[in-house]
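Reading through the C-alpha cells given below for one structure.
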Amino acid sequence: MGLNPPKIGLIVSDPGDILSGIIDLQALKKKCEKIRGVEHCVLLTDFKSESFLIAAQKPLAEKQIDRLIWIGRFTVKQKCTLEKKLEKSGLNPYLNEWSDLTSQSFGKQEASEEARFKKALTLIKMAVARAKLLEPLETEEVPNSESAVVIGAGISGLHAASALIERGKQVHLVEKESGVGGKVGLLSRFFPLQCNPQCGIEYALKSLRTSEKLTVHTLSKPTSVEGTAGNFSVSINTRPHYVDSNLCNGCGKCADVCPIEIPLWENVIQDEPPFQNEMGIGTMLKETQKAIHLPTPYPFPETYLIERDKCPADCKKCLEVCPVEAINLDEQIDLKQNLDAGALLVTSGWDAYPLSKLRDYYGYGLLPNIIGNLEMEQLLLQMTKRSDIQLQAIDSGPLAVGFVQCAGSRNKDHLSYCSSVCCSATIKQIKQLKSLHPGAKCTVFYQDMRCFGFDEDLYQELKSESDVLFVRGFPRVNESDLIDGKMNLTVEDTFSGLPVNTEIDLLVLAGGMQPSSGGLEFAELSGLPLNKHRFFTGHYQCYPEESQRTGILTAGCARGPMNVSQSIESSGKAAIKALNFLESTTSIAPTYPVVNEAKCDQCKRCIEDCPYDCYRQNEKGFPVPDLKKCRQCGNCMGVCPVSAISMNHFTIKQLANQIEILENSFLRHEEPTVLAFLCENDAYVAACSAIDQGLDVPINVIQIKVPCAGAVNNALIADALSLGIDGVLIAGCKDEQCHYVRGFDLVQKRSGDLGDKLGTMMIEPERVRSEGIEIHESDRYVSLLNEYIEKLTKLGPNPFKI
Amino acid sequence: MPPRVNPEKCDGCNAQEEPLCEQVCPGDLMTLNESGKAVCRENSDCWDCMSCTKICPVGAIETRMPYQLGYHGAKLIPMVGTNTITWTSIDINKKVERFRFKTRID
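Top line first, the protein sequences correspond to chains A and B.
Residue numbering for the first sequence is 2 to 803, as defined by the working numbering.
Residue numbering for the second sequence is -7 to 98, as defined by the working numbering.
Written as C-alpha cells, this is what we have:
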C-alpha cells in the first residue's frame, strides 16, 4: 500500500438474474462506487466470455486499476481462463478476487429487502477488505533429485522400480535379503491365473536386468532418512557379500567346491519349527544350497555371495577356484552409503504371523504334521518341480489334508483384522493339491469364506465340482489327538450344531499377514505414522499411496494385506505419485504459509501440530515450513498462539479485516449474526449446495471458506466476538475424515478452550461452536443453523455488540 | 497477586524447553514444575502485568485481582484477537464491564 493505495475494479455478473431477483443491483452499484478504494464498478449486461475480458481490460488500461473483484458466480474454468488472459494484460492472477454472492444466503420471503441489501453490501465490503491486501504472487520452482529409493524388492518394489525406470528415472532398490522377489518368491502359484510367481518375477525383472538406471543394494537396510520431498538423503548399510559383484561372472565353480550345505529355506521362513514332520515333508524340503550361493529367494542380482558364518575355518576352496578373483574372504566392514532421492517408495511388504503363537490352540510346533500355509506353498512348489516328491498318507489310505482358516487373523488375541487373501489362497492350494493328488481328501475349517471379487468364482467352482468338505468351525488340536501318525479331530459344525469327526494326515494353518519387521524399523527411523495394526497409514481416498510425509509413498502390503495383483497396482500408483518429485523441479503454488519472525515467539506449536511435519527451525530458531512437504492446509496458521503465521493469499490480516466489516450488523440489533468458517472440502460444499437446492438457509449467516477447519485461529474468533458477532461456527470434516489428519480435532480443542474462557467472562460458551459436516449434509447444515440461531436469539445479543 | 494456573488445562506448551508464559514474563517468574505444568515460582515478585494470562494459548492462566483494585472474587479477564484486546472486569457483586481496544497496526 503506502503511497499508492490500491485501485479496485468491481465487476458484477449476474447471468441467471439470481442477484437482481433479490437486491436492487443499480442501487448497490451506487453504494459500491463510494467504498474507499473502489475506482470502478460495472454491472455486466452481456455474459459472453469476451465481454468479461473486455470489461476487465478496459479499466485496467484506462483507470490504472490494479486489482479486480468479480461479484457473482463463475465456473472454475471461467476463472482460470480470465486469470490467464488478464495476466497477459499485466494483472497478476493472484490480484483477482472472486466473491460469489450467490453462494451466500439472502433468506427466503421473511428476510426484509433492507437486510438483503445491507448483507450484499457487507459482503462486497468484505471482498474489498480482502482485495486491498492481495499481493502479486508467482509459482515457485524448486529443484529435485531425479532418482528414487525403493525400500523392499518384493513384487511391489520390483514393479515400482520398473515403472520409474521406464520413465527414465534412476532407481536404488534396497533389499534386506540377498535376492529380490520377497514373499512372492516363496509361493507356488498366484492369482488370478494360477501362474507361477517365478515367471511373474522374471517378467518384472525384464526391463530391470538390462537397465543401467537400476542399482540393487541387497543385504542392505536403511539407517536414516534426512531431508524432504525432492531432496531426501537415505543412508543405507550393506552387509558384506564377500564376492565382488563387479567381477563375479556367475560361473558357479565356487559352489561346486564348497563343502558346506545349508538348508535353502532356513533364512526365508521365520517360523519354527520349519518342516519337521513324520511324513517326510522335512526331508523333502531339505533342499540345500552351498555356503556360497546365488541370492535367494530369487537369484537376482546374478552374482554369488557367501554366508561367511557358515564357512569352516581356513577353508579357501572357493577362493582357489574362482577364475576372476572376485572373492575376498576378509571383507569385514559393512558398507555405508548415502543415496540421494527425490522420492522414497516403501514397499516393505509383510511377514507371516508367527504360528508358534498358536501352539496352544492348533498345536503348531507341538505335533509334526501341522504346517503353515507358506510352508504349504513351498511343499506344492517342490512337488511341481520334482516328480519324486509325493505326499503319502500315513496308513497308505487316501491322503487327508485339513485347512484351518483365520489362524491368527480375526481374533482379538492375535491379529484383529482379516488378512483378506488367505481364503482365496486356501482355495488355490486345494486346487493345486488336487491336480497333483487327485485322490486327496480336503477339509476346510472356516468361520466365513471371504473370497473377494472374482475369487468367489474359484470358491463356487471348487464347492460344486469337487468333494472338498467345508466345516464351519475350528478344531482344537491337542497332543493326544495324534494316534498312529494321524490326527483325529472333532469339530462342531456351527451350522448344523453336530460334531464332525475327521482324520487328518496334514493340517495347514492359514496364518495371517502382519507388518514386516523391515517396515516397522523404517517407520521408526523415518517417523512415518502407522495405523492401529501397525501398517503404514495415510488418507488413501484422496492421496493414493501417499504417506503422511510428502514424497514418501507406501505401496503393496506395507499398507495392509493385499493380494499380488493389488500390490502391483498399488506400486504402479505409487510410482506415478513419485514422479511428481522426480522431475527436475517441483512447482510450488505460492499460497504457502509464511512465518512473521517479528511476531513469532518460537513456541514450536506449529512444529508440533503440523500434520505433515513440515516445520524446521532455522539458525535463529524460527520455524520455517518446508514448501515441498507442505500441503497448504493452514493448520499452522490456526494453531499459532500469537497469530504470526499467515498463508499467502489467505492472510490472517485479510481475514481480520474482513471480520472487522461485520462490526455494523446488516441485521437489526436483536437479530443474531453468525460467522461461519467452513472447510472447503466438506462443509463449504454442503453450504453452497444447500443454497443451490433452494433450502431456506437463514440470512443471519456469513460464510467464509477456509482450506481446513484447523486453519481458523482463535484470535479471529476472539475478533469476531469482540466486534459483537453473536455466534461463530467452525465446520469441518467429521471425526477422522479430515484430509489433513487432525485439523478438525485441533480446532475443536481450541474452540473448547475459548468457550471455557468465555464462560469466565460471563459470556455464553455456546457462542463458539464447532461441528463436523459431511459434504452431502446440506439439510443438516440448514437445520443446525436454524437451531443455532434460535438458541442465539434466546441468549440475546452478544454483550460486546454496540 | 500472582497468576493462578489451571493444571487441568495447562499443557506445559507440549513440554517445550520454555513455555510461552515463561518466555513473556518480564520478571522471569514462570517455569514448569515436575509434572510439566506452568507455575509462578515467586508469587510476591509478580507485578500483575498479565502477560502470561494474555498469551496462554489454552486459557489456563488467571490473574487474581490485587486487593487494592478489587476484593476477593473480582476478576479481570483479557481476550486477545488479531489486532484487538478485550477486557472483561467483573466485580464482587458480579457487575460486568467490558472494554475493547485496538492493539496493533501492522
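Ideal Cβ positions, reconstructed from N, Cα and C, are used throughout, including at glycine.
When you compare only the Cα positions, how much space is there between residue i and residue j?
| i | j | result |
| --- | --- | --- |
| residue 544(A) | residue 563(A) | 18 Å |
| residue 767(A) | residue 518(A) | 49 Å |
| residue 747(A) | residue 715(A) | 11 Å |
| residue 31(A) | residue 91(A) | 28 Å |
| residue 643(A) | residue 717(A) | 11 Å |
| residue 92(B) | residue 553(A) | 48 Å |
| residue 1(A) | residue 720(A) | This structure does not reach residue 1(A), given that chain A is present from 2 up to 803, and the question cannot be answered. |
| residue 326(A) | residue 143(A) | 46 Å |
| residue -2(B) | residue 453(A) | 54 Å |
| residue 130(A) | residue 527(A) | 44 Å |
| residue 697(A) | residue 109(A) | 6 Å |
| residue 752(A) | residue 770(A) | 7 Å |
| residue 165(A) | residue 171(A) | 8 Å |
| residue 505(A) | residue 483(A) | 9 Å |
| residue 789(A) | residue 744(A) | 23 Å |
| residue 467(A) | residue 177(A) | 42 Å |
| residue 153(A) | residue 791(A) | 59 Å |
| residue 488(A) | residue 479(A) | 9 Å |
| residue 183(A) | residue 298(A) | 7 Å |
| residue 356(A) | residue 262(A) | 27 Å |
| residue 2(B) | residue 561(A) | 38 Å |
| residue 437(A) | residue 393(A) | 12 Å |
Which bits of chain A does residue i rub up against, with CB to CB less than 9 Å?
| i | result |
| --- | --- |
| residue 80(B) | 761, 762, 763, 764, 800 |
What distance in whole Å lies between the Cβ atoms of residue j and residue i, which are believed to be in contact at a cut-off of 8 Å?
| i | j | result |
| --- | --- | --- |
| residue 523(A) | residue 347(A) | 6 Å |
| residue 515(A) | residue 354(A) | 5 Å |
| residue 55(B) | residue -5(B) | 5 Å |
| residue 306(A) | residue 296(A) | 6 Å |
| residue 225(A) | residue 239(A) | The Cβ separation is near 14 Å, so there is no contact. |
| residue 806(A) | residue 343(A) | In the structure as shown, chain A begins at 2 and stops at 803. Residue 806(A) is therefore absent and cannot be evaluated. |
| residue 635(A) | residue 709(A) | 6 Å |
| residue 449(A) | residue 472(A) | Rounded, the Cβ-Cβ distance is 13 Å, inconsistent with contact. |
| residue 228(A) | residue 234(A) | 5 Å |
Residues of chain A with CB under 8 Å from residue i, in chain order?
| i | result |
| --- | --- |
| residue 47(B) | 602, 642, 643 |
| residue 1(B) | 754, 757 |
| residue 99(B) | Nothing in the structure corresponds to residue 99(B), since chain B is present only between -7 and 98. |
Run through chain A and tell me which residues come within less than 7 Å of residue i, C-beta to C-beta.
| i | result |
| --- | --- |
| residue 73(B) | 716, 719, 720, 723 |
| residue 88(B) | 763 |
| residue 92(B) | 723, 801 |
Given that residue i touches chain B, what residues does it touch there, using C-beta distances under 7 Å?
| i | result |
| --- | --- |
| residue 133(A) | Going along chain B, no residue has its Cβ under 7 Å from residue 133(A), so there is no contact; the nearest lies around 14 Å. |
| residue 757(A) | 51 |
| residue 767(A) | The contacting residues do not exist; residue 767(A) stays about 16 Å from chain B at best. |
| residue 609(A) | 6 |
Which bits of chain B does residue i rub up against, with CB to CB less than 8 Å?
| i | result |
| --- | --- |
| residue 746(A) | Going along chain B, no residue has its Cβ under 8 Å from residue 746(A), so there is no contact; the nearest lies around 14 Å. |
According to DSSP, simplified to helix, strand and coil, what is residue i?
| i | result |
| --- | --- |
| residue 637(A) | helix |
| residue 1(A) | Residue 1(A) falls outside the range modelled here, since chain A spans only 2 to 803, and no answer is possible. |
| residue 1(A) | Residue 1(A) lies beyond the residue range present for chain A, which begins at 2 and ends at 803; the question has no answer from this structure. |
| residue 98(A) | strand |
| residue 646(A) | strand |
| residue 352(A) | strand |
| residue 422(A) | coil |
Out of the options, state which residue places its alpha-carbon closest to the alpha-carbon of residue i.
| i | options | result |
| --- | --- | --- |
| residue 256(A) | 438(A), 293(A), 309(A) | 293(A) |
| residue 31(B) | 11(B), 47(B), 39(B), 61(B) | 11(B) |
| residue 757(A) | 17(B), 22(B), 53(B), 14(B) | 53(B) |
| residue 81(B) | 66(B), 74(B), 25(B), 58(B) | 66(B) |
| residue 38(A) | 369(A), 421(A), 11(A), 708(A) | 11(A) |
| residue 383(A) | 197(A), 761(A), 624(A) | 197(A) |
| residue 323(A) | 695(A), 254(A), 229(A) | 254(A) |
| residue 145(A) | 379(A), 195(A), 582(A) | 582(A) |
| residue 103(A) | 589(A), 73(A), 304(A), 193(A) | 73(A) |
| residue 750(A) | 610(A), 211(A), 52(A), 33(A) | 610(A) |
| residue 46(A) | 35(A), 61(A), 319(A), 20(A) | 20(A) |
| residue 580(A) | 151(A), 138(A), 302(A), 69(A) | 151(A) |
Cβ closer than 9 Å: which chain B residues qualify as neighbours of residue i?
| i | result |
| --- | --- |
| residue 657(A) | 73, 74, 75, 76 |
| residue 606(A) | 5, 6, 8, 12, 49 |
| residue 620(A) | Correct list: empty, because the minimum Cβ distance to chain B is about 17 Å. |
By the criterion of Cβ-Cβ separation under 9 Å, what are the contact partners of residue i in chain E?
| i | result |
| --- | --- |
| residue 15(B) | This model lacks chain E altogether, as its protein chains are A and B. |
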